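In what follows, a single structure is set out as structure tokens and then discussed.
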Amino acid sequence: MSRTCKIVLAGNPNSGKSSLFNALTGLNQKVGNFPGVTVDKKTGTVLLPGNLKAEITDLPGTYSLYPRAADEQIATDVLLHPDRPDLVVITVDTSSLERNLVLCTQIIDLGIPVLIALTMTDIAHQSGMSIHTETLAQQLAVPVTVVNPRRNEGVDTLKKTMVTIYSNGRRKQLQLPPAFTDTGIFPVPLIEAVKSFTHATNEYAAWHIACHYETSPALSSIQKKYIAGIYHDHPVRKAEIQAQEILARYRKIDQIIKLCVTNESRRNDIPVTERLDRILLHPFWGNIILLGVLFLMFQSIFWLAQYPMDWIDAGFGAMSTWLSDHLPHNLWSDLLINGLLAGISGIVIFVPQIMILFGLITLLEDTGYMARISFLTDRVMRGVGLNGRSIMPLMSGLACAIPAVMSARSIQNRKERLITIMVTPLMSCAARLPVYTILIALVIPERLLLGFISLQGLVLMGLYLLGLVTALLVAGVMKLLIRTKEHSFFVMELPVYRMPRWKNAGITMIEKAKIFVTQAGKVILIISLLLWTLASFGPPAAMKAVEEKYIRLLQQQPDNSEVLGLQYQSEKLEHSFIGIFGRAIEPAIRPLGYDWKIGIALATSFAAREVFVGTMATLYSVGEGESQDRTIREKMQAATWPDGRPVYTLATGLSLLVFYAFAMQCMSTLAIVKRETDGWRYPAIQFFYMLALAWAGAFIVYSLAS
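The numbering used here numbers the first residue of the sequence shown as 373 and each following residue consecutively.
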């Protein structure tokens, strides 16, 4: 049986590592043009020349083997693990060669076979820099290739070199000389003890195992106690030794660069990125442009998605009418039309908006603009106990809170990381978008301001800004409540501006639509079918009494059968199991302007926010009887209180929008927060403070708007 080659991709953040992973494996992994996009290691397979199967792992970006955050720790743990890879491919940003070579030389000194993939060479050439790759390979004593994963250039050569290195390593044990480290600076007793009691293959690997022994998943508790005892008997100034090592590396790297790099002076040629940043990072105009970008984004979500959503809505309405007219009226046809089809319509109708939102976010990331948002917001963030690095999880929260919470691992300061996790779910994620859309369409008129600005789009933008402002205010409160002496500094590399990859945006849109339909769709369908069951059945005595009542009324008023039929369906729904539950919780939500049907939707939404639409589609379909020619929005517009007042007034709609903007209605996010904070304490605090904020905010808005 042929052995699978284990290859690891390592490199600095924003060095093209994840793009190379995509080019090698063909997986549609998310790629963004800003540091820290890769949070966990990701794995894919590729068939190399000679039918060699390789398993490729994409590690989180890190600047050195001295991790400062949880995501960098992942990369270090993999490289120091006894089950080490057959080959490490290191992506090196040619335009920042000096900084990238620090990590590169560290990995070489671990004694692992290394292949260097030079990226961003086009940017280096634009600045007048020429790299002599053969000389660089000689100086580093490892193979060097040039790749451009964005254009799929040099990838075939890279694959052939991988096979060559792997074959050489299989024929003989490949050991690279530790040419970049003076092992004499490391404490001998510690190094010798670690080498004798762990899997360390050389002095440099032993030093790093000793530095990270407390968090290493590869060491047993006995080994950790042993190393702790060595530290106790032989105290070591780790920070001082690490600083000496890094400085020595930079001196060696400077010598290598002098031999391998040629620079042509271009003093008068100001790079395009620098010229753009003078405007986009301006303290005043930069923020104005940012607001303009957000404005265009949310206007586009309504403008571009309006037609496909209308077509989908009308299509499902026509399908329901056709099925109702041609199928026999029994329990199974009711399940198909009012349960299954109503649930599916609540999923599919919002796919266009989900795709547009993710497509626009991908374009912002790919151009490099998303990283600029961090710098623009750093001053505001620092005022509430965070820093500019926190904006990445917050902006990621516009798509989904789950990966956004996980990406907070890149924040080094524990207090800032915890506050970021606690407030990130306040950002309006894509799951809220279907709720926002249908409620805005119900209570906000389709009016154009100044002839081209959509009022509905402005309200949608306002909801997203409300989430951001509230997150900052809550962060400011938590800054006062959470005490720590730890301080942090915000240092972040800004990528160059690039033309977006439209193919990448298209792939992301399709993948996110699939995820929404398959993952969120499963939850919505299950809940829709469960709701149909609970809405169609109830206590036998109560349901029988309702049926007998309307049989008598129909006998007395045979000419009023249509109206009586609608009244029968409505009263039957109220006496069903779900109706009884809704009536029980109605007193708690009546102050917010909600009826019992909305209460049921709020309850089911705690599984996933987008379930609200599917719930309303099912409830109003079941309660409507045989009339299926109206869309979900039309059914909700026609909903009334017992006294004839419309349920969805402006006050009720705004109240619901605020409730959904604040409430923590996502069990999956709570599970991730529990994992990231190692317990249920913070998820519980998060759930109850957001619920209280949602109820209070909705009550205030309803009271003011009534």
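All C-beta atoms, glycine included, are put in the ideal place defined by N, C-alpha and C. In this text, all values refer to a predicted model and were calculated from it rather than measured experimentally.
(Q) For D967 and R955, I'd like the C-alpha separation in whole angstroms. (A) Each residue's Cα considered, the two are about 8 Å apart.
**Q.** Straight-line gap, S672 to A615 (C-alpha atoms, nearest Å)
**A.** Taking the straight line from one Cα to the other gives about 50 Å.
(Q) Using a Cβ-Cβ cutoff of less than 7 Å, which residues in the same chain neighbour P421 once the five nearest sequence positions on both sides are dropped? (A) Cβ neighbours of P421 beyond the five flanking positions: K531, K532 and V535.
Q | Sequence-distant residues of the same chain with beta carbon closer than 6 Å to R789, five excluded per side | A | Counting only Cβ-Cβ distances below 6 Å, and skipping sequence neighbours, we find A780 and I783.
Q) Cβ of V1084 within 8 Å of Cβ of I495? A) Since the first and last residues shown for the chain are 373 and 1078, residue 1084 lies out of range.
Q: Using the Cα positions of A600 and H584, report the straight-line distance between them to the nearest angstrom.
A: CA-CA distance, A600 to H584, rounds to 11 Å.
Q.
Give me, in chain order, the residues of the same chain whose beta-carbon lies closer than 6 Å to that of V409; leave out the 5 immediate sequence neighbours on both sides.
A. Below a pLDDT of 50, predicted positions are generally treated as unreliable, and V409, at 44, falls in that range; no measurement from the model is reported.
Q) According to DSSP, what are the bridge partners of K414? A) In DSSP, K414 forms a bridge with D430.
Q) Short check: CB of A1066 to CB of A1035, under 8 Å? A) Between A1066 and A1035, the gap from beta carbon to beta carbon is short of 8 Å.
**Q.** Helix, strand or coil at V633 [DSSP, three-state]
**A.** Taken through DSSP and simplified to helix, strand or coil, V633 comes out as strand.
Q. Can you tell which of V846, L451, I957 and L732 has its C-alpha closest to the C-alpha of I480?
A. When only C-alpha atoms are compared, the closest one is L451.
Q | Spatial neighbours of A1064 in its chain, beta-carbon cut-off 6 Å, leaving aside the 5 residues before and after | A | Beyond the five residues adjoining it in sequence on each side, A1064 comes within less than 6 Å, by CB distance, of no other residue in the same chain.
Q. Does the beta-carbon of F824 have 16 or more other beta-carbons within 10 angstroms, so that it is buried, or is it exposed?
A. Counting of Cβ neighbours within 10 angstroms places F824 among the exposed residues, the total staying below 16.
Q: Would you grab the beta carbon distance between K378 and E427 for me? Rounded to a whole angstrom, and I think it's under 8 Å.
A: Contact between K378 and E427 is confirmed by a C-beta separation of about 5 Å, below the 8 Å threshold.
Q) Going by the beta-carbon positions, is the gap between V756 and G848 smaller than 8 Å? A) Against a cut-off of 8 Å, the Cβ pair of G848 and V756 comes out as a contact.
Q) What does a CB cutoff of less than 7 Å around L758 pick up in its chain, not counting 5 residues either side in sequence? A) Contacts found: E788, I791, T792 and A847.
**Q.** Three-state secondary structure (DSSP) of T570
**A.** Coil at T570, not helix or strand.
Q. CA-CA distance, G383 and G433?
A. Going by the C-alpha atoms only, they are around 6 Å apart.
Q: Quick one: residues in its chain with C-beta nearer than 7 Å to the C-beta of R542, no 5 flanking neighbours on either side, listed in chain order?
A: Caution applies to R542, whose pLDDT of 48 falls short of 50 and renders its modelled position unreliable; the model cannot decide the point.
Q.
Using a Cβ distance threshold of 8 Å, determine whether the region 618–634 contacts the region 464–474, with at least three qualifying pairs required.
A. Yes, they touch.
Q. When you compare only the Cα positions, how much space is there between E919 and W704?
A. Distance between the alpha carbons of E919 and W704: 19 Å.
Q. CB-CB under 7 Å to L562, same chain, minus the five flanking residues each way: which ones, in chain order?
A. Contacts found: A582, I602, H606 and V608.
Q | For P1018: DSSP bridge partner residues | A | P1018 pairs with T1012.
Q: List in chain order: all unbroken alpha helix (DSSP H) runs of 4+ residues lying wholly within the region 695–779.
A: 703–706, 714–720, 723–739, 741–755, 763–768 and 773–779, all fully within the region 695–779.
Q. Does the Cβ-Cβ distance between D685 and I721 come in under 8 Å?
A. Contact: yes.
Q: Using only alpha-carbon positions, find the residue among I709, L699, P680 and P700 that is nearest to S692.
A: Selection I709, L699, P680 and P700 evaluated against S692 yields I709 as nearest (Cα-Cα).
Q) Roughly how far, in whole angstroms, is the beta-carbon of I726 from the beta-carbon of L805, given that I think they are within contact range, below 8 Å? A) Rounded, the Cβ-Cβ distance is 7 Å, consistent with contact.
Q.
According to DSSP, L459 sits in a beta bridge with which residue or residues?
A. Per DSSP, the beta-bridge partners of L459 are I379.
Q: Could you check what DSSP says for C583 in three-state terms: helix, strand or coil?
A: C583: helix per DSSP, three-state reduction.
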